[in-house]
Amino acid sequence: MKWVQLLLLVMLIGMGTTATAQQRLVNNQEMRQRMSELQLTLEQKRRLAELIRRERMQYYLNQKALNEILTEKQKAILLNWRSKRDGLKCDSIIKKR
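Letter by letter, the sequence shown follows residues -21 to -1, 1 to 76 of mature numbering (1 follows the signal peptide of the UniProt record, and there is no 0).
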């Protein structure tokens, strides 16, 4: 029984670490190469990570405020617009190209 508790504790710690881990700034090889060419110092990397963290938090807070303002019907319309935009089905985007 002790080993089960130990295993569960290790799993909990592992899941917590994974959940709070910072996602990579860039995912593709070309962008990683560009970032490495900049040769950022540790201080610059720290400040850049802080900036990204703030940006993500602001996005989260904006979404939270938006959800409080909009009705369910308006949220559905907005979601539809976003899906069209992400799929490049929006007329204004197609006309610009």
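For every residue, glycine included, the Cβ atom is placed at its ideal position computed from N, Cα and C. From a predicted model like this one, the values you see are computed outputs, not experimental measurements.
Please report the residue range of the alpha helix (DSSP H) in which residue i lies.
i   : result
M10 : Q8 to L17
L49 : Where L49 is concerned, there is no enclosing alpha helix (DSSP H), given that its DSSP letter is neither H nor E.
Nearest-angstrom Cα distance between residue i and residue j?
i   : j      : result
Q23 : E34    : 16 Å
L21 : M(-21) : 45 Å
A55 : E16    : 43 Å
N41 : T50    : 16 Å
L30 : R11    : 18 Å
With a CB to CB cut of under 8 Å and the five nearest residues on each side skipped, what residues in its chain are close to residue i?
i      : result
N46    : K54
V(-12) : none
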